[in-house]
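Per the numbering used here, residue 11 is the first one in the sequence shown, and the count goes up by one each step.
Quick reminder that beta carbons are idealized off the backbone N, C-alpha and C, glycines included.
In this text, all values refer to a predicted model and were calculated from it rather than measured experimentally.
Note sheet for the following structure.
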Amino acid sequence: MKIGYSILAILLFTNVYTYSQKKYTDVVPPSPNAAAIAKFGDIPVSMFSGTPSIDIPFFEVGIKNVKVPIGISYHAGGIKVGEDASNIGIGWALNAGGSITRTVRGLPDEDPDFGYLKHNVDLSTLPNTIEAQRLLYNKIQIEELDADPDSYSFNFLGRSGKFIVKKINSSSFECYPIDGSNLKIQWMLLAPTNNRFQWIITDEEGTRYFFGESLDGGSANRACETSESKSITYSTSRGGRSEPKGTGAQRLFPTAWQLKQIILTNGEQISFTYLDYTTNTCGFSNEFNVYCYGNAEECGNYSVNRTTINQTLVNGKKIYSIVFNNGRVDFTYSGIPREDLININSNTPSNDGYLDRVTLSTLGGETIKSFELSHSYFNLSSYHNQFVVDCDKPKKGKLRLDKVQEFGKNNVSVNPYVFTYEGADLPYSLSYAQDHWGFYNGQNTNTTLIPEYLIALPQNNLEILAGAKRFSDFNFAKKGIITNIKYPTGGQSFFNYESHKAWASDFGFEINTAADCIDNITLSRSDVPSTGPMTATKPLVVNGTQCYNNQQGDWYEFNTYTPTPCKWNQRGEGGCNTNFILSFGSTNYSLNGLTDNKKFLANGTYSLKIQVRDPDYSPADISLEVCKIAQSSSFTGNPNPSEYNSGNFGTLCSGGGQPYNKIIGGLRIESIVNKDNTNVTSVTKYVYLNVGTNQSSGNLVQKPIYAHVSENLIGLDNGENNLCLEFNRSSFSQMPLFADNGNHVEYTYVEEIKTANEVATTGIRTAYIYNTEQVSELSFPFARPDTYPMRRGKLLEQKDFSYINSNYKLVKSNSIIYTKGDTRHKPGNPGLKIGCVANSNIGLNTGCSVFVFGQSKDEVDWTYVTEKKEKIYDPTDETKFVVTRDRYTYNNAEYRQLSVLKRIDGKSKLMDAVTDTYDREIITSYKYTFDYPSSEINTEMKDRNILALVEEKVELNDGINTKMLTLSNTTFNKWHKEKNYAGLNGFFAPNYVKTWLEETSYENLSKNLELTEYDQFGNLNEYKENNNAMVSMDYYLDAGKKNLLRTQTIGSGTSTPQATTYDYFPLIGVSSVIQPSGLKTSYEYDNLGRLQYIKDNEGRLVKSYKYNYATPTSSAGTPPLNFTGQLDVKNREINLSFSYATPEVVKYEIRRGQGSEPLKLWVTVPGNSTTKIDPSYTPQQNVYKYEIRAILSNGTATEWKPLNIMLPANCTNNFQLIKNGLISAGQVKVDKACYEIIFEEGFITEDNADYTAEIETP
């Protein structure tokens, strides 16, 4: 049985999974094909985020249509300072199974006393009295009320997303995916006080996924991760460090539930087991600074600094094994703890080891394939943090994955994947040298993470509050990022990055702007007379809205270039005398030899000058480059206005800030260069600019907000009141930042250009246009903003261009229209934030006198496609095109399956406008199990969440005259009702499939396909099609072959049945097929499980396959080898000629079998030699057993590899040189016996082939 499935893409796009007769009866295994060579250079990129998707697949296991992909993936968006490495390596993640994770906001939702799901407080209604507000505020502050629901995510078998645990009342709740998919999510609170929870996710075809605990539960089956954390808060003043002011309560709560079990509808299971490990983390929770301003005597103008350190002990789970019906996958970890982890608790030290190997094997223990991972560590650079007493420094830098190598049977391998990264050093995870988004920025002199801030005080006074330099710097942000992958094939991918850039206005704190070099003067030999003084002048008009000292203008960076020995204002032999000048009015400012080349220029007109006064001016380039920037530093020498050291605070100027290309933290891909093993190159470049401008198409999702203002009203003895202002700053954004899969910038227009090499400027060009949603900028107390996650990053249009006659021509476009759908899951969970913005000590009004509120809510955000439009353009006229439009209708907001697909087109006619009138309309409608509520079987299928099965499909031609084209109807039955399938009786599968075509009569609609019997595992046993002969199937129950087709018999029960029999190599593929005629086709595989030979009934070679992987290296580093060989039987001699090897090989050595002394055969490379076969050395089973190895230039030797000289039993009277089964030399007629020299599999040759020399002798 194969039951169809539906994933989110099916809800959104056109691929509705419908059943044809072929789908139900297609149980015959496909004929084996050549194994796919490991791909290289095929790196997809998320254009919306600018992040390449780097995946290394290992293998895929599973049962029937439920497959578990296993491999590793890398996030190439940059390494954050506080990011801990996984047990794969920094930036890498293991894909093997799945998990449900959550972020606790306040208290865990299930806290029995005060958790969000347990209290009865209505958070959607705000209290209207100060007393009620104060009571609510205090309860939240002391954690006697959880006012914000936790955030939940799932990730399993390639599906991921977020979901809501929607509170119904204090004793019930429901779970809904935010994306509106039809996953059914259940949370079973088995024993919350003991952290016993079970999650069940049921997909759209009824398969159940158990997280945390398996179906039968029990302590041995738990897979729940818990975190135990405590916070330590310090108060700092005058640069000193005091003792802790308070230690938060130590709390233990679940944070993740691993996938424990998958149960298919036929009751078969995939089981996951885990190992326990502990790891300690130590990091900043927050730094907080309160600066008070007001009358010095009454307010005190005090400044309070508080730093909170979080120490967390994670009791984690790591995957140990996956067991399915025909095999298992085992995960092996290093036996020693990692050296990049810290210990904060001597009783429970970090003991997580890195992943060492992943092995696929049969249930009987035979290894089929494995992948070995090799690791090292980055260097740990110096750090600057005064709180290291609370967080031990690890012994080494972050864990690094260096290579991954595939091994097959008998430990045969191919070359590994080898990874190269940018630099060898990474900062300590508690370094203060971080930009606003947590990436390394090299500012190692920072002593805090609270950024520098410029504040506006009463009476238009300005004051700078000192702080950290948090701007982004690409040269440091790229540290540790992957830059090169070398593949087993010998090909390589090189990754080139650049900083994220967003077109945005000033932020209210310092931030870099992308280099925008707008004015440039360059003098060259051809521009000026050969001798004599000269002056070059160019105007510079400043009209900006960056703001300093309440004046508008722009920051500029000046760079001067002079050739050696030409110097500023100095006369040298053969040199020149050059001045670089910036003029404003009658005032000149020298730009010679700047120690700080960044200047703020107020709006106005300036002049740039280069003066070359020396008559002996030498012929070389002299230039002055001016770049518009926005960066805070210690700026000096400002011509106008006066010097002002601060960040980029555009809010102080009237009129607001002007947008610029701002540099944002993290990395985006600039280009990917691919080279195969012959060094042939292809390049893919990415451009993130809006059409026809230099403006970045990047949209900054949110701006960090680090501060808010509150008031203290102090009563004085004279009866007057004094107002004191408090500026509350923090090290992390006070408004929660939303990041789309870790990316803070979203690009709405990106061009991908594929060229043949690195210097080519033209090639295949594709433009991608996306939508985004601006996140609201909220005020204190900064509730979570609405982020609309499912409406972001939708592809609106794709345009394909070809380079024709020296111009890019639009050849094709695809556009998509989306609609936000309504669902039954509204409204979502309300969340509440309360803040105090005014305190008072006057009379009875002591304490907070003004509260402010921020409300949030989590909602299902179902967005679906309503139209897709494709245009194919006339290559000679872009105004004319052929158009096809697909329109989608969803009639059921509860189950959200496609109801109607209407395809309309003009029958390939060229058009010059898109209209609603077309020559052809094909309307396809679908009905599902939930569309037939009166059916008992359908009702039960719906209860089991089997929602994606199409029961009726109708196709109409609705052009000029409506005409039915096809109609199909599927009837489902409940099979094996008496059998218990993991708590559910029976399973559902088709019984009849009726089909009506245009040429037949609807009244004569017949049972075209009758499926009459299934076995207990859901395998189809019998079916009859169009009243033809019965077809029967039976299946293996053997370990390793379970549920694989054994025999298919056509005409079973008749006098002339036709049976086809299949056999298999477990976990590899079909080993043989015996046709009804009795003829047998055999399939042979190499040690890596790749199809090698196909042979006929007589054992004759029909087809062979060669896999052009790069030469693998042995443990001693065996280089490539190419050779020819001859055997002279009469004189009992071996003649070998080695024609090629790398310089590392000095010579080769041959010996008689394992443990024997080497023969006297030393071959200098290149060269040749001859040796005698010892007459006393007789063959065993017609085989003379020898071994060969290489001697390297460093004095070491490779491992011995087999070299056999054998007498085949059925050799023919000719000479053949056979290479991987293919004859590559002519035939020579000779007499008598023949011998073979065989360099067995595993010895290293130039192209990893196995050479065989069959030599006829007289």
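With 16 as the cutoff for other CB atoms within 10 Å, does residue i come out buried or exposed?
{"i": "R1110", "result": "exposed"}
{"i": "G99", "result": "buried"}
{"i": "I814", "result": "exposed"}
{"i": "Q321", "result": "buried"}
{"i": "T829", "result": "exposed"}
{"i": "G125", "result": "buried"}
{"i": "I152", "result": "exposed"}
{"i": "L1131", "result": "Note that L1131 has pLDDT 41, beneath the 50 cutoff, so the model's placement of it is unreliable and the number below is only indicative. Label assigned to L1131: buried."}
{"i": "D2", "result": "Any property of residue 2 remains undetermined from this structure, which presents the chain solely from 11 to 1268."}
{"i": "T701", "result": "Thr is not the amino acid found at residue 701; the sequence shown has Val there. That one is exposed."}
{"i": "N130", "result": "exposed"}
{"i": "Q1085", "result": "exposed"}
{"i": "N43", "result": "exposed"}
{"i": "V1354", "result": "The displayed coordinates of the chain run from 11 to 1268. Any statement about residue 1354 would go beyond what the structure contains."}
Using C-beta distances below 7 angstroms, list every residue in its chain close to residue i, excluding the 5 sequence neighbours before and after it, in chain order.
{"i": "G277", "result": "Y991, A992"}
{"i": "E768", "result": "V683, T691, V693"}
{"i": "L699", "result": "Q705, S706, S707"}
{"i": "L411", "result": "I98, G99, W102, L383, H385, F429"}
When you compare only the Cα positions, how much space is there between residue i and residue j?
{"i": "S825", "j": "T771", "result": "27 angstroms"}
{"i": "T873", "j": "R906", "result": "10 angstroms"}
{"i": "R218", "j": "M198", "result": "14 angstroms"}
{"i": "D871", "j": "G190", "result": "6 angstroms"}
{"i": "Y387", "j": "G407", "result": "6 angstroms"}
{"i": "S633", "j": "K489", "result": "32 angstroms"}
{"i": "A476", "j": "F737", "result": "13 angstroms"}
{"i": "L1054", "j": "L1019", "result": "23 angstroms"}
{"i": "N353", "j": "N361", "result": "9 angstroms"}
{"i": "L351", "j": "K413", "result": "21 angstroms"}
{"i": "A103", "j": "Q1026", "result": "38 angstroms"}
{"i": "Y818", "j": "S170", "result": "38 angstroms"}
{"i": "L788", "j": "M745", "result": "7 angstroms"}
For the beta strand (DSSP E) that contains residue i, what are its first and last residues?
{"i": "N704", "result": "Where N704 is concerned, there is no enclosing beta strand (DSSP E), given that its DSSP letter is neither H nor E."}
{"i": "I378", "result": "377–387"}
{"i": "I210", "result": "206–212"}
{"i": "I273", "result": "261–273"}
{"i": "A612", "result": "608–612"}
{"i": "F790", "result": "Element bounds for F790: n/a, residue is neither H nor E."}
{"i": "N290", "result": "279–303"}
Assuming residue i is part of the alpha helix (DSSP H), what are its boundary residues?
{"i": "L145", "result": "140–151"}
{"i": "D953", "result": "946–953"}
{"i": "N553", "result": "N553 -> no alpha helix (DSSP H), and no H or E assigned at all."}
Enumerate in chain order the residues of its own chain whose CB-to-CB distance from residue i is below 8 angstroms, with the five nearest sequence positions on each side excluded.
{"i": "G857", "result": "R144, N849, S850"}
{"i": "T342", "result": "L365, D366, R367, V368, T369"}
{"i": "P549", "result": "T615, Y616, S617, L618"}
{"i": "A487", "result": "G88, D445, F449, Y450, N451, S509, G675, G676, L677"}
{"i": "E961", "result": "K937, Y938, T939, D941, Y942, N948, N979, T980, T981, F982"}
For residue i, list the residues DSSP reports as bridge partners.
{"i": "L977", "result": "V964, W1006"}
{"i": "V1292", "result": "The question about residue 1292 has no answer, for the chain in this structure spans 11 to 1268."}
{"i": "W872", "result": "For W872, which the question treats as bridged, DSSP gives no partner whatsoever."}
{"i": "H85", "result": "S63"}
Looking only at its chain, what residues have a beta carbon closer than 6 angstroms to the beta carbon of residue i, apart from the 5 residues adjacent to it on each side?
{"i": "S237", "result": "T265, T322, V324"}
{"i": "W209", "result": "I110, W197, F221, G222, W267"}
{"i": "T275", "result": "G216, F997"}
{"i": "A1219", "result": "With a pLDDT of 42 at A1219, under the threshold of 50, the modelled position of that residue is not reliable, and the figure given next carries that caveat. Cβ within range, chain order: n/a, list empty."}
Using a Cβ-Cβ cut-off of 7 angstroms, state whether residue i counts as contacting chain D.
{"i": "D868", "result": "As a matter of chain content, chain D is missing from the structure shown, which is built from one protein chain."}
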